[in-house]
Structures are given as structure tokens and as C-alpha cells.
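Everything below concerns the one structure shown next.
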Amino acid sequence: MSLYERARAVIPGGVSSPVRSFGAVGGEPFFVAGAEGPYLVATDGTRYLDYVQSWGASILGHAHPALVEAVQRAAAAGTSYGAPTEREVLLAEAIRDRVPSVEKVRLVSSGTEAAMTALRLARGATGRDKIVKFAGCYHGHVDSLLVAAGSGVATFGLPGSAGVTPGAVADTLVVPYNDDAALDAVFAEHGADIAAVIVEPVAANMGLVAPGAGFLSGLRARCDAHRALLIFDEVITGFRVGLGGAQALYGVTPDLSIFGKVIGGGLPLAAVGGPGGLMEELAPVGSVYQAGTLSGNPLATAAGLAVLEQLDDALYVSLADRAAFLAAGLTTVMGEAGLAVQVPRVATLVGLFFSPTPVRDYEGAHGADVKTHAAFFHALLRRGVFVAPSAFEAVFVSAAHGWPDLERTVELAADAAAEVVSGAGPDC
Ligand code: KE4
């Protein structure tokens, strides 16, 4: 019996998160035995150049020595206390010191928890019920946000999810990303009832879709005009596109921010941050309840601090240069092979759409050729390069991806593209 068969005998789909199942691209997922730097090592010994990087968490690459040492040292002193520790203070201070809009931080264990907390906080602070989200943006599997979400749901084309009740989404308004007119209409009709707008300031769960010129500043202005709160979901962009996240990159200040992935160094840690007055609406100071047994976990805070200590402007410049090289290389070799692709880039984030035209929203993303994307995914995988097993994710370059790795990736992409065009690859 294969490991995958054993896994499916005891875990739904054999995976702990749906996108890992390769359901969107076909074939069986490989299982990871270990990882180092830019590489994953599968249980069969195959080494893959990894551009998933735990969905963006491993910005330094896998098993960075400083991170490993910090977690090992923390583990030797216990794994969880259920009592406050200095490292939670240090990590909260490190986030505050890097993100001007953040005066106070609540640590949680996942991006979903952070999104859920931010929504409840916005509703509690404003006394309003409605939340606006954007089609194609994914904020975790919060019941009220699983409506035309991106990532797993978008990949499987589910309009929402079974098990989410009409009541759970009754106060959720969904508008197309980059659509100012739709936003104006929803504010015109519901403005007085809107507690908050939650947005991925750079969408990375419908593939990579950048905010159009003025989109984020327009969102800020509309929220101000209607006294709604603006929540930036920076679970991917936070500490990824730059030290201050997308809010620094675009110069737009949200009322609340949520972070994850990078700040946990691959351990379960996420955060909600914002102005002190607003954040103190949270229990135990305020009346908005929120809690978590493992929140601020001592291993996760050790990992997060170890990562943040390594992140400086020079690293982001270098990361953006590598992302730019990869984006340009893919654009060239895929075009030369005769594939119609869009390879958007936002700072250190790269996307890949099999589309003749640029993608600006969820509808455009779903107009892309997911069949060719799947064929290309497998052609790359056979050549030892692992990108997201979904057309609706981003490509993550880490600080461990050296120039030779990137050059090799472009060469292999050219070969994979030629195979896809020739139709010579095996069916998956
Ligand atoms: P988690 O609950 O999975 O830690 O975070 C949810 C989340 C929130 N906000 C954004 C912008 C996110 O991208 C995510 C989760 N990202 C996906 C991949 N794009 C996680 C991968 C998975 O679901 O396995």
C-alpha cells in the first residue's frame, strides 16, 4: 500500500489541507520527507526546487540555521505554557516597529483565526453587521467569508462551501476585485451598515492580481466616507513584499491588518494588528471575545523572531531582483514556446496565468487555461521543480533560491513548455 493510499485510509483526501491533494492538477501528491534551503525532498528521495515554500511562509528557505536553532532552544524549555511569555512581547514589538499602522498586536495560530478575529473586532467596534469582501480573495475558511473565495474554493470552483449556512453569509457582500463601480454601488446601498471591508491588498489566491491604480486608495477613501473599517489581509503580503507589507508598498493605511506565514517562520502563528484604541476592544480589555490555547506559542514566537531578525531592506531588494529575473525568464521562454501566458509580478511575488490577456479579477482568473496550467505543472514537476498545484496561487521565491537555481528553473520551464506545446507529456 502506498503512503498516499495509507493517508487516504485515515485522512480525508489523504491531506491536511485540500490544495495539497493535487485535485486541481490531477495525479497523486508526493509526500515530503524533509527540506533544506530552496529544496523539498520527497519520501522517494526526489529533490524539488520548491516555489510553494509552505505557501509563502518560508521566506528564508527551508531549515534556515538561525530558525532551526531558535526553535530547538525554545523546545528544550517546553512547548506551550498557557501563560504569557516575553517572546510574545518581543514579537508584538517587532511587528509594531515595522508596521506603522500597528500599535497593538494579538497573536493567534492561523490566518483564518486572524481573519475571524478582525471581522468580529470590526463588528464589535462599529456596532455594524455587514462585511464586504472581494471575489477571488481568500481569508481562510471563515464561514462568513467562504463565498466566492479564492484559493481552495476557487480552485474547486465551489461558489461557497457546503455546511456554510445562509445565515452565516447573510451579512457578507461580495464585489469584484478592482471594480470601483461595484464598490460604489455596495456602499451606496449598504454604507451605513458596513462594519468593514476586508481585502488582500495584492490578491494572491486567484493567482497573482495586483490592485489597479488608485484601487486601494479609493477603498480607503470610501471606508472613510462611510465610517467603515478597512482590513488588509496581509497574511501573504505582510513581510513578503517588503518590511512594511503591501500597506507600505502602496502607501495606504488600513485600520486593521492581519499577518501570518512569514511571521511564524512556518510554525502556526498569525496576528491581528492595529491602533491601540481599536485593538483594546478585544478581551480581556474590551468586550469583543477572542481566545486561543496555543496563541503566542513559545516555539512559534521563537521562529517568528528568528525570521524577522534576518529580514532587512537589502534582503527584499535581492528577493525582488530574483523574482524579476524569474518573471522575465518565464515570460520569455513560455512565449518562445508559443504559450499565451501572463507572468505578473508585485515586488517579490510572481504569478502565472495561461491567458492571452492580463488578469484583473476573479472572472479573468477563471478565464485562464487551467488545463494547460495543469500540464505545465506536471511537466515542471517531472523536471524537479514544484510550483503550486493550482492555477490560483502565487510563485514564492525565497532568500535561499540562488541565481543558479533560478537560471536552471527558467531552462527547465522552457523544456517543460515545449513539451506541453508538443503534447508529448504523459497524461496525468
Ligand atoms: P490559514 O488559516 O491557512 O493559516 O490562512 C488563511 C489565509 C488567509 N489569508 C490569506 C491571504 C491566505 O493566503 C491564507 C491561506 N493561504 C493559502 C494558500 N494561498 C493556504 C494554503 C492552504 O489552504 O493549504
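Here the sequence shown is numbered in numbering that gives the first Met the number 0, starting from 0 and rising by one per residue. Think of the CB as a built atom: it goes at the ideal place given N, C-alpha and C, for glycine as much as any other residue. Every value quoted in this text rests on a predicted model; they were computed, and no experiment measured them.
Coil, strand or helix - residue i by DSSP
i	result
Ala269	strand
Pro17	helix
Ala32	strand
Ser256	strand
Arg5	helix
Leu338	coil
Val369	helix
Val152	Because the pLDDT of Val152 is 44, which lies under 50, any placement of that residue in the model is unreliable, and the number read from its coordinates should be weighed accordingly. Correct three-state label for Val152: helix.
Phe391	coil
Ser421	helix
Val287	strand
Ile509	The requested residue 509 does not occur in the structure, where the chain is confined to residues 0 to 427.
Leu293	coil
Phe385	strand
Leu157	In this prediction, Leu157 has a pLDDT of 45, which is less than 50 and means its spatial position is unreliable; nothing more can be read from the coordinates.
Arg407	helix
Leu351	coil
Val345	strand
Alpha-carbon to alpha-carbon, residue j and residue i
i	j	result
Ala34	Gly363	35 Å
Val40	Ala184	50 Å
Gly13	Gly265	21 Å
Val261	Ile235	8 Å
Gly303	Gly291	18 Å
Ser354	Tyr361	13 Å
Ala202	Ala269	18 Å
Val146	Ala76	42 Å
Phe376	Phe385	8 Å
Met115	Trp54	20 Å
Gly401	Asp142	40 Å
Ala93	Asp320	26 Å
Ala245	Glu199	9 Å
Pro403	Gly44	21 Å
Val358	Pro297	41 Å
Ala56	Gly166	33 Å
Ala161	His140	12 Å
Arg86	Arg407	40 Å
Arg37	Tyr50	The residue you asked about is not Arg; residue 37 is Pro in the sequence shown. Distance between the alpha carbons of Pro37 and Tyr50: 8 Å.
Val168	Tyr47	40 Å
Leu255	Ala305	25 Å
Opening and closing residue of the beta strand (DSSP E) in which residue i lies
i	result
Thr300	No beta strand (DSSP E) holds Thr300; the alpha helix (DSSP H) holding it covers 297 to 309.
Ala134	129 to 134
Leu172	171 to 175
Residue i: first and last residue of the uninterrupted alpha helix (DSSP H) it sits in
i	result
Leu144	Looking at the DSSP string, Leu144 is not in any alpha helix (DSSP H), and its letter there is neither H nor E.
Tyr249	244 to 249
Ala167	165 to 168
Met278	275 to 278
State whether the stretch 363 to 378 contacts the stretch 1 to 12, with contact taken as three or more CB pairs (one from each stretch) at a distance under 8 Å.
-> As far as the Cβ criterion goes, the stretch 363 to 378 does not touch the stretch 1 to 12, which means the pair count is below three.
Identify every run of the beta strand (DSSP E) within the stretch 34 to 109, keeping only runs that are complete inside it and at least 3 residues long; order them along the chain.
-> 38 to 41, 46 to 49, 103 to 107
Note down, one range per segment and in chain order, each alpha helix (DSSP H) of at least 4 residues found wholly within the stretch 199 to 241.
-> 214 to 225
Is the stretch 167 to 180 touching the stretch 120 to 136, taking contact as three or more C-beta pairs under 8 Å?
-> yes
Stretch-stretch touch, CB-based, cutoff 8 Å, three pairs: the stretch 409 to 424 with the stretch 332 to 342 | yes
Contact between the stretch 338 to 349 and the stretch 386 to 402 (3+ Cβ pairs under 8 Å) | In this structure the stretch 338 to 349 lies against the stretch 386 to 402, because at least three pairs of beta carbons, one per stretch, are closer than 8 Å.
Do the stretch 277 to 291 and the stretch 112 to 127 touch if we need at least three Cβ pairs shorter than 8 Å?
-> The stretch 277 to 291, when compared against the stretch 112 to 127, does touch it at the 8 Å Cβ threshold.
Quick one: any contact between the stretch 246 to 256 and the stretch 200 to 215, if contact means 3 or more CB pairs under 8 Å?
-> yes
Quick check: the stretch 178 to 198 against the stretch 222 to 242, are there 3 or more CB pairs under 8 Å?
-> The stretch 178 to 198, when compared against the stretch 222 to 242, does touch it at the 8 Å Cβ threshold.
Cβ contact (3+ pairs, closer than 8 Å) linking the stretch 270 to 284 and the stretch 56 to 75 = These segments do not touch.
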